[in-house]
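Note that the UniProt record's numbering gives residue 58 to position 58 of the sequence shown, counting from 1, and the numbers run on in steps of one.
Ideal Cβ placement from N, Cα and C applies to all residues, glycine included.
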Amino acid sequence: MNRYFRMITMTYLIFLSAALGAGLFAGIVVAPVTFHTEQWLGSEVLTQFQEGQIMTENFLRLSYLVNVLLVSVVLYEGYKFKKFERDTLTQVATFLVLATGLLFSQYYIPDIIAMQEQGVEATNSVAFLNTHKGSEINFKIFSLALIVLIAQNMRKACK
Numbered sequence: 001m002n003r004y005f006r007m008i009t010m011t012y013l014i015f016l017s018a019a020l021g022a023g024l025f026a027g028i029v030v031a032p033v034t035f036h037t038e039q040w041l042g043s044e045v046l047t048q049f050q051e052g053q054i055m056t057e058n059f060l061r062l063s064y065l066v067n068v069l070l071v072s073v074v075l076y077e078g079y080k081f082k083k084f085e086r087d088t089l090t091q092v093a094t095f096l097v098l099a100t101g102l103l104f105s106q107y108y109i110p111d112i113i114a115m116q117e118q119g120v121e122a123t124n125s126v127a128f129l130n131t132h133k134g135s136e137i138n139f140k141i142f143s144l145a146l147i148v149l150i151a152q153n154m155r156k157a158c159k
């Protein structure tokens, strides 16, 4: 592996890891704090609907990072594929990252925003709850696939 491609690989791995960290931080830290503001402020200042709007804005901004990540995954993994430096596990992880990343940023986030724009009643509906649960499962698959992609590329880079 030449020196410049090794630097590109390290940059790619750092970016993948940072995006994974941002997603995990949003889900593990930001969401529980946002949805329990009464614990931190001493009284209920925001409604659950307002807390949901704040969380949606966080995930909307995260989706921009996910979109940039998807472009970098296509470019890097596509180049590696073209150079015949591929294995099945990396290909599956790449597909899952791309599919779930696109679902997150292009399907779930816009759908949740559209429901929120309809008001509180829409966000209390079964459709909203199912969409929200689907987005959570989707993001867990995205995170797991991203971990596999990071591990596979680190393993190859350390050879």
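- Per the coordinates, the alpha-carbon of Leu144 lies some 24 Å from the alpha-carbon of Arg6.
- When secondary structure is reduced to three states using DSSP, Glu136 falls in the helix class.
- Non-local beta-carbon contacts of Phe139 in its own chain, meaning distances under 7 Å to residues more than five positions away in sequence, involve Gly23, Gly27 and Phe104 in chain order.
- Taking the CA atoms as reference points, Phe142 sits about 16 Å from Leu60.
- In the DSSP assignment, Asp87 falls outside any alpha helix (DSSP H) and carries neither an H nor an E.
- Of the other Cβ atoms in all chains shown, 16 or more fall within 10 Å of the Cβ of Leu62; this residue is therefore buried.
- Bounds of any alpha helix (DSSP H) do not take in Lys83, whose DSSP letter is neither H nor E.
- A Cβ-Cβ distance of about 26 Å is found for the pair Leu20 and Leu129, leaving them out of contact under the 8 Å criterion.
- Look at the beta carbons and you see the segment 50 to 58 touching the segment 108 to 118: at least three pairs across the two are nearer than 8 Å.
- Nearest to Val33 by alpha-carbon distance, out of Ser17, Leu96, Gln106 and Glu51, is Glu51.
- Counting along the chain, Leu24 sits inside the alpha helix (DSSP H) bounded by residues Arg3 to Phe25.
- Taking 9 Å as the cut-off, the Cβ atoms of Leu98 and Val74 count as close.
- In the structure shown, Ser143 falls within a helical segment according to DSSP collapsed to helix, strand and coil.
- Assigned with DSSP and collapsed to three states, Ser63 falls in helix.
- Around Ala93, the same chain offers Ala145, Val148, Leu149 and Gln152 as residues with beta carbons nearer than 7 Å, after the five sequence neighbours per side are excluded.
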